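52 is the number that this note's numbering gives to position 63 of the sequence shown; each next residue is one higher, with no gaps. For glycine and all other residues, C-beta sits at the position ideal for the given N, C-alpha and C. Bear in mind the structure is a predicted one, so any value in this text is a computation, not a measurement. Worksheet: the structure to be examined is printed underneath.
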Amino acid sequence: MAEIPLVVVDAQRSGPRPVCRPSRSKGSQPFGYGVMVIFPRNFALARETPEQCFYLTVKACNLAKCTKYRSLCPGPGALTESCHHRPDRSEPGRHQSGKRLDTESLAELPVYKRYAFSDDGVSAFATRARLAGCRSSPGKEHDEFGQVSTDPGNRSRMMHKRQIKVQAMQPDLPRPLLRCQNSGNRLYRNRDDHGVILEAQEILAERGFSVQYHQPQTLWPMLEGKAGPFSRDCRCVFVVEYNATAQLAKLIVAHGGENAHIESILVFDGVPLRAEDLVQKVIERLDTRGEKVA
-10 MAEIPLVVVD AQRSGPRPVC RPSRSKGSQP FGYGVMVIFP RNFALARETP EQCFYLTVKA
50 CNLAKCTKYR SLCPGPGALT ESCHHRPDRS EPGRHQSGKR LDTESLAELP VYKRYAFSDD
110 GVSAFATRAR LAGCRSSPGK EHDEFGQVST DPGNRSRMMH KRQIKVQAMQ PDLPRPLLRC
170 QNSGNRLYRN RDDHGVILEA QEILAERGFS VQYHQPQTLW PMLEGKAGPF SRDCRCVFVV
230 EYNATAQLAK LIVAHGGENA HIESILVFDG VPLRAEDLVQ KVIERLDTRG EKVA
């Protein structure tokens, strides 16, 4: 239960070897849910371009360091291992330290509590080298001093403290990107099909059919009030996923999304989706729903 920041980069690569992450046909949502059971304090940021791989990773590191929450950055190996598309170094990522205490600040405190309660749930921390400062804590539930505690009241307060953190970090989480907003239909996809979605969007536009492209950047916690409105405002939301169980679509519905408006396009044969294939699947689903397609 130690609130130590940790960034886990989930770089998926194809291959049946058990030591590798699951192939693209399995998806990463179960991995995220599993980690949430083990470490019940984390968030997930999704990346789709090499530039986002850099800046969202910096964002994840800063959030993890400032809030002491675990950070997951799901992304395909083709992006996370890319050495040829580095962002402009004239705009480096900005480092944030959060509530770090220096020697002077520590000296002003009557007593240092590593996990002290605060309004935003985030405790000020000091490194081991600081006088009277200590970051050590056991892996079990602890009190404000970092000592093991089995007191039910303390456990309830600590869990409430972590939930406050989730709410406090909401303004700092990356918002979704939306392309072509004036449309009643939307393509929803995270991670490695950025180019395919854009190309499919152009093909559909050439055929006289306009669709939005909703690119989420924060998967968990799904931003409050975001899942419901966008799925209700659109006649049809196409959720494109490389798995057989509609993991992302179920996550949207679980957070208030309109299930009747969601159409899952699932690919799990191991072959990357092409833009023409995606266009054909979209048109077929719209025909089934009775929508007019040019």
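Residues that residue i bridges to, as DSSP identifies them
i: F198; result: DSSP lists no partner for F198.
i: F252; result: Here residue 252 turns out to be Glu, not Phe, going by the sequence shown. Beta-bridge pairing links E252 to F227.
i: V85; result: With the sequence shown as reference, residue 85 is identified as Gln, and Val is not the correct amino acid for it. Answer is none; Q85 lacks a bridge partner.
i: Q204; result: L166
i: V268; result: According to DSSP, V268 bridges with nothing at all.
i: V137; result: H131
i: F114; result: R89
Within 8 Å, strictly: CB atoms of residue i and residue j
i: I251; j: A243; result: no
i: A233; j: L262; result: no
i: K102; j: E133; result: yes
i: H203; j: L240; result: no
i: T56; j: K154; result: yes
i: K54; j: S94; result: no
i: D182; j: V229; result: yes
i: P366; j: P218; result: Since the first residue of the chain shown is -10 and the last is 283, residue 366 is not available in this structure.
Exposure label - residue i; buried when at least 16 CB within 10 Å
i: G135; result: buried
i: G197; result: exposed
i: F106; result: exposed
i: S145; result: exposed
i: E273; result: exposed
i: Q159; result: exposed
i: Q269; result: exposed
i: T139; result: exposed
i: G184; result: exposed
i: T116; result: exposed
i: T207; result: buried
i: T92; result: exposed
i: G23; result: With a pLDDT of 47 at G23, under the threshold of 50, the predicted position of this residue should be treated as unreliable, though the coordinate-derived value follows. Exposed.
i: T277; result: exposed
From the options, residue whose alpha carbon lies closest to that of residue i
i: L90; options: S112, V155, S107; result: S112
i: W209; options: P218, R221, H149, L162; result: L162
i: A49; options: L275, S60, F43; result: S60
i: D222; options: T207, V200, A235; result: V200
i: A157; options: R278, E273, L52, K270; result: L52
i: Y58; options: S94, Q152, A96; result: Q152
i: N143; options: A115, Y104, K88, D109; result: Y104
i: V226; options: A249, Q206, Q236, T207; result: A249
i: L193; options: T92, V47, L45, V271; result: V271
i: L98; options: D109, F114, G184; result: F114
i: D109; options: V100, M147, P141; result: M147
i: L275; options: G245, R224, E247; result: R224
i: Q236; options: G245, E247, S253; result: S253
i: G246; options: Y231, L45, S220; result: S220
The ligand NAD heavy atom lying under 7 Å from the CB of residue i
i: R59; result: By its list of ligands, the structure shown contains no ligand whatsoever, and the ligand NAD lies outside what it can speak to.
Does the structure place the segment 262 to 274 close enough to the segment 184 to 191 that three or more beta carbon pairs sit under 8 Å?
Yes, since at least three Cβ pairs between the segment 184 to 191 and the segment 262 to 274 fall closer than 8 Å, the two stretches touch.
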